[in-house]
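*Asks:* Taken in sequence, the protein lines are chains A and F. By full-length UniProt numbering, the letter at position 370 of the first sequence is numbered 370, and the numbering carries on one by one without gaps. By full-length UniProt numbering, the letter at position 235 of the second sequence is numbered 235, and the numbering carries on one by one without gaps. Glycine is no exception: its CB is placed at the ideal position from the N, C-alpha and C atoms.
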Amino acid sequence: MKLKKLILPALSFAMALFVSGLLVAFSDSKVLALKGQPISMLSKALSTAGGAYWALFRGSIFDPQLAEGHFFQGFYPFSETLVAASPLILTGLSVALAFRAGLFNIGAQGQFIAGAIGASWVGFTFDLPIVIHAVAAIAAAMLFAGLYGGFVGFLKARTGAHEVIVTIMLNYVAGYFLLWLLSTTAFLRPGRQDPLAPEVHQNARLPHLFGPNLRANLGFIIALLAAGAIWWLLNRSTWGFRFRAVGANAAASRTAGISVARVTTSVMFIAGALAGLGGAVQILGSEPAMTAGVGGSFGFDAITVALLGRATPIGTVFAALLFGALRAGGLTMQASTETPLDLVLVIQALVVLFIAAPALIKSLFRLKNVDAGETVASKGWNG
Amino acid sequence: MSIAEIRALSAPERRRKRGIITMAGLGSFALVIFGLLPKSGQPVTYSFVLGSEWVLAKEIIVNSKSGALLFSVIALLAVAMAALQFRGRKTIRLASGIFGASFLMSFLCWAAAGKFIPFTGLLQGALFLSVPLIFGAMAGVLSERSGVINIAIEGQLLAGAFMSGVLASLTQNKIAGLLIAPFAGMAISWLLAIFAIKYGIDQVVLGFVLNVLVIGLTNFLYKRLLIPYQSTWNSGGTFAPIEIPLLSKIPVIGPIFFAQSIIVYLMYVAVIVIHIALFKSKWGLRTRSVGEHPTAAESVGIDVNKIRFRNVLIAGAVAGLGGAFFTLGAVGSFSKEMTAGKGFIALAALIFGRWSPLGAVAAALIFGFADNLQGLLTITGTPIPSEFMLMAPYVATIIAVSGFVGKVRAPAADGVAYKRGGGSH
Numbered sequence: 001m002k003l004k005k006l007i008l009p010a011l012s013f014a015m016a017l018f019v020s021g022l023l024v025a026f027s028d029s030k031v032l033a034l035k036g037q038p039i040s041m042l043s044k045a046l047s048t049a050g051g052a053y054w055a056l057f058r059g060s061i062f063d064p065q066l067a068e069g070h071f072f073q074g075f076y077p078f079s080e081t082l083v084a085a086s087p088l089i090l091t092g093l094s095v096a097l098a099f100r101a102g103l104f105n106i107g108a109q110g111q112f113i114a115g116a117i118g119a120s121w122v123g124f125t126f127d128l129p130i131v132i133h134a135v136a137a138i139a140a141a142m143l144f145a146g147l148y149g150g151f152v153g154f155l156k157a158r159t160g161a162h163e164v165i166v167t168i169m170l171n172y173v174a175g176y177f178l179l180w181l182l183s184t185t186a187f188l189r190p191g192r193q194d195p196l197a198p199e200v201h202q203n204a205r206l207p208h209l210f211g212p213n214l215r216a217n218l219g220f221i222i223a224l225l226a227a228g229a230i231w232w233l234l235n236r237s238t239w240g241f242r243f244r245a246v247g248a249n250a251a252a253s254r255t256a257g258i259s260v261a262r263v264t265t266s267v268m269f270i271a272g273a274l275a276g277l278g279g280a281v282q283i284l285g286s287e288p289a290m291t292a293g294v295g296g297s298f299g300f301d302a303i304t305v306a307l308l309g310r311a312t313p314i315g316t317v318f319a320a321l322l323f324g325a326l327r328a329g330g331l332t333m334q335a336s337t338e339t340p341l342d343l344v345l346v347i348q349a350l351v352v353l354f355i356a357a358p359a360l361i362k363s364l365f366r367l368k369n370v371d372a373g374e375t376v377a378s379k380g381w382n383g
Numbered sequence: 001m002s003i004a005e006i007r008a009l010s011a012p013e014r015r016r017k018r019g020i021i022t023m024a025g026l027g028s029f030a031l032v033i034f035g036l037l038p039k040s041g042q043p044v045t046y047s048f049v050l051g052s053e054w055v056l057a058k059e060i061i062v063n064s065k066s067g068a069l070l071f072s073v074i075a076l077l078a079v080a081m082a083a084l085q086f087r088g089r090k091t092i093r094l095a096s097g098i099f100g101a102s103f104l105m106s107f108l109c110w111a112a113a114g115k116f117i118p119f120t121g122l123l124q125g126a127l128f129l130s131v132p133l134i135f136g137a138m139a140g141v142l143s144e145r146s147g148v149i150n151i152a153i154e155g156q157l158l159a160g161a162f163m164s165g166v167l168a169s170l171t172q173n174k175i176a177g178l179l180i181a182p183f184a185g186m187a188i189s190w191l192l193a194i195f196a197i198k199y200g201i202d203q204v205v206l207g208f209v210l211n212v213l214v215i216g217l218t219n220f221l222y223k224r225l226l227i228p229y230q231s232t233w234n235s236g237g238t239f240a241p242i243e244i245p246l247l248s249k250i251p252v253i254g255p256i257f258f259a260q261s262i263i264v265y266l267m268y269v270a271v272i273v274i275h276i277a278l279f280k281s282k283w284g285l286r287t288r289s290v291g292e293h294p295t296a297a298e299s300v301g302i303d304v305n306k307i308r309f310r311n312v313l314i315a316g317a318v319a320g321l322g323g324a325f326f327t328l329g330a331v332g333s334f335s336k337e338m339t340a341g342k343g344f345i346a347l348a349a350l351i352f353g354r355w356s357p358l359g360a361v362a363a364a365l366i367f368g369f370a371d372n373l374q375g376l377l378t379i380t381g382t383p384i385p386s387e388f389m390l391m392a393p394y395v396a397t398i399i400a401v402s403g404f405v406g407k408v409r410a411p412a413a414d415g416v417a418y419k420r421g422g423g424s425h
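#1: What does the Cβ neighbour count give for Lys4/A, buried or exposed, with the cut at 16 atoms within 10 Å?
#2: For Val209/F, decide whether its Cβ has a neighbour in chain A, counting only Cβ atoms nearer than 8 Å.
#3: May I have the straight-line CA-CA distance separating Ile60/F from Ile384/F, to the nearest angstrom?
#4: Does the CB of Leu221/F have a neighbour CB from chain A at under 8 Å?
#5: Just checking: is the beta-carbon of Ala161/F within a distance shorter than 8 Å of some beta-carbon in chain A?
#6: For Tyr229/F, does the count of other Cβ atoms within 10 angstroms reach 16, so buried, or fall short, so exposed?
#7: Using the beta-carbon of each residue, which ones in chain A are nearer than 8 Å to Gly341/F?
#8: Can you tell which of Gly329/A, Ser286/A, Leu350/A and Gln37/A has its C-alpha closest to the C-alpha of Gln202/A?
#9: Touch check for the stretch 354-368 of chain F and the stretch 134-153 of chain A: three-plus C-beta pairs under 8 Å?
#10: Output needed for Ser72/F: all residues of its chain with C-beta closer than 8 Å, excluding positions within five of it in sequence on either side, in chain order.
#11: If the criterion is Cβ atoms closer than 8 Å, does the pair Val312/F and Phe135/F meet it?
#12: What in chain A is Cβ-close to Pro385/F, meaning under 8 Å?
#13: In angstroms, rounded to a whole number, what distance separates the CA positions of Gln85/F and Ile92/F?
#14: Name, in chain order, the residues that DSSP records as bridge partners for Pro43/F.
#15: If you count every other CB in all the chains shown that lies within 10 Å of the CB of Glu68/A, and 16 or more means buried, which is it?
#16: Assuming the contact rule is C-beta atoms closer than 8 Å, Asn150/F and Gly185/F should be a hit. Round their C-beta distance to whole Å, please.
#17: For chain A, check one thing: does any of its Cβ atoms lie closer than 8 Å to the Cβ of Val402/F?
#18: Taking 8 Å as the threshold (beta carbon to beta carbon), is Val95/A in contact with chain F?
#19: Quick check: Leu376/F and Leu217/F, are their CB atoms within less than 8 Å of each other?
#20: Nearest to Ile399/F by CA position, among Ala349/F, Asp414/F, Leu210/F and Thr378/F, is which residue?
#21: Mind listing the chain F neighbours of Thr304/A? Cutoff is C-beta to C-beta under 9 Å, in chain order.
#22: Alpha carbon to alpha carbon, how far is Phe269/A from Leu97/A? Give it in angstroms, no decimals.
#23: Starting from Glu199/A, follow the alpha helix (DSSP H) in both directions and report where the run begins and ends.
#24: Among the candidates Phe119/F, Phe325/F and Leu226/F, whose CA atom is the shortest distance from the CA of Asn372/F?
#25: Quick one: is Leu23/A near chain F, going by C-beta distance under 8 Å?
#26: Starting from Met163/F, trace the beta strand (DSSP E) both ways and give me its first and last residue.
#27: By the three-class DSSP mapping on this structure, what secondary structure does Tyr199/F have?
#28: In the DSSP assignment, find the alpha helix (DSSP H) that holds Ile399/F and state where it starts and stops.
#29: Along the chain, where does the alpha helix (DSSP H) containing Ala292/A start, and where does it finish?
#30: Are there 16 or more other CB atoms within 10 angstroms of the CB of Thr382/F, so buried, or fewer, so exposed?
#31: Please state whether DSSP places His70/A in a helix, a strand or coil.
#32: Just to confirm my understanding: we take Arg420/F, look at its own chain, exclude 5 residues before and 5 after, and list those with CB closer than 6 Å. What are they?
#33: Suppose you measure from the CA of Ala319/A to the CA of Trp239/A; what does that come to, to the nearest Å?
#34: Let me confirm a value: Lys174/F is counted as buried when at least 16 other C-beta atoms fall within 10 Å, else exposed. Which label applies?
#35: In the stretch 334-345 of chain A, which residues sit with their C-beta less than 7 Å from some C-beta in chain F, listed in chain order?
#36: Below 8 Å on the Cβ atoms is my contact criterion, and I expect Ala349/A with Val212/F to pass it. Report the Cβ-Cβ distance as a whole number of Å.
Right under this line is the structure:
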């Protein structure tokens, strides 16, 4: 039964890889130059796409070349996948949790930035003992980002302002605010003109998991723990029941005596705190000096991650690992085969598009009796 | 007003009251911060271009302190006017407009103390920056008035920019580029329509994913083809401005509105046609009815999903045309993610303008003005960090949707998929 649930995501991923493969092959000048010779053109196309995908694998899972001297080092790419996936798991959880309560949190990007600001500030300003410093930085990150997200929930509960609009706008506000902060004396590294914050102190950094040569760090464990906590919250706690009830039917929940306003505000607070934790993991784990680009696209990718993971904590972890792998592998692919990293965006968008339209995949492959699962849905502007 | 009377206020009246209180707060803020606090005034030079020739400029020099004081007092008078109109149960739109303009002038006097403000150029630049916003907001109006949320404006703009730039370059014909742009936007909105209307997928999710898809595709092709083969793939060039005889000679207004490229004139046409068609034609009535109450529309024989499908396609065409402005109207070649979130600001303008074409145009002009003013003040130097100026449209939108400025309501069935004969699901 469980396996059947995987058929649809697997086929969607295969379809996305296939379509992207066509894109890689037929935008290549060497392939295009063979116009008129269909057979050699096809074989060149296959080798071009194959080469790109092989590089994607080498960059995300295992690299035989790196393993030659020291076998364990061959897993360096997998460690990079974990580094990329850790913040993604957390931002993905943020979006997924909001989805379950019927809210669409497009604001993980801004909340991630708020968290990164908090972690960075505590990380370089104070001098605290080991462990305590990291905990303090993480707490600050979660508080800042939680308030940033909770504000959205509060506005929605009090005035009906739609969370999609408010979060889109707050993403920009956070981006510009960070840019401004990095120009102030409090955040600009002494002696620098470019927007770059001081590095967080050693005591606040997250320790590496597999020795100093592999960058995978405690952030991954933190992300897994958070996923476990959200699973417990959603499936085993009274609050989680309320969240899901409001997500399923707000009017009925209200009638049943659940305070929808309180649920909205607290869900957005927790969602913000999760995304902020992602920012903290990024700063304390792999990017100790904050730049204006710290947010990357963690918050935006989080939406595709949550959609691919069907808004469940376990699904989100696997989806984030997949996208983390694409991200890490995409860099190798770009470096060694001159296939632009942006292909990863295309793959991600296509996967989600295919997943979101089970009817399309089903008709393409003539599938019957395949569990499509629940589709994630928010409501219109007035919902 | 007694407490009982306040309680008796209807919801829109309460919002209007909140709006007046907000304006009163902002007006007093302007009076104190811009007008009273600065110790001494400095001259602000405004220059106005009178004809189409830039040489014919007239300069007006204002003392910053007295200018700021004057305009903040006018702003406060406008608040009083709004309060009187409110008592008389009339709309406060005119007073709000006067308030907005004078608040802005007061700010400008304060921020530009001792500086030179090329006023005509400022407005001209504002219009320039508003063009893609207006096209995008019109695409939003067309789609959302019929009940389909269009978050994919960004993607439609970007697709239009990419295709128009590439085709104009490949054919060395800018007209060909301009003609393909609507079809590029339409391709994206076709996906939006198929998935949203046929498969009933959540429209916000869908629009978001389509944006990612277009960003990914254009970035990929840009690096793969447009950078290495720039001379063939990415050298489309720009349209030259066309001066309209007589109209372009009107002082101040002429050079701003009537010495523009063909894309801007197409924008004027699009706005006027959409405004009139939406409120005066059969098509408009049907569009609004399927957006507000699809079940009722169907009961009188209107094919809801057909109207929605068609409208989403037209919306894509309009946004795609707006995308051409980035390449053929402004820069002359395509660059990576050149729409830079303008699609989202267009969405904000749509909401700020309460889903009405003219309201959205006004909002887009304000956002374009803020953007351009920010650019100008960054060069001349201001008391406010430019990042905060850049935040302004976004903060304004949050305030607007929170109901502090007035009631903002989307079409009732916006974003809700419709199944024949069975109401919404």
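*Replies:* Taking the geometry as given:
#1: exposed
#2: yes
#3: 24 Å
#4: yes
#5: no
#6: exposed
#7: Tyr172
#8: Ser286/A
#9: no
#10: Gly27, Ala30, Leu31, Phe34, Gly35, Ser102, Phe103 and Ser106
#11: no
#12: Trp180 and Ser183
#13: 6 Å
#14: Asn63/F
#15: exposed
#16: Not quite, the Cβ-Cβ distance comes to about 11 Å (not below 8 Å), so this is no contact.
#17: At residue 402/F the sequence reads Ser, which differs from the Val that was named. So yes, Ser402/F belongs to the interface.
#18: no
#19: no
#20: Ala349/F
#21: Phe208, Val209 and Val212
#22: 11 Å
#23: Looking at the DSSP string, Glu199/A is not in any alpha helix (DSSP H); the run it does join, the beta strand (DSSP E), is Leu196 to Glu199.
#24: Phe119/F
#25: yes
#26: Not the beta strand (DSSP E): Met163/F falls in the alpha helix (DSSP H), residues Ile153 to Thr171.
#27: coil
#28: Ser386 to Val401
#29: Per DSSP, Ala292/A belongs to no alpha helix (DSSP H) and is neither H nor E.
#30: buried
#31: coil
#32: none
#33: 25 Å
#34: buried
#35: Pro340, Asp342, Leu343 and Leu345
#36: 4 Å
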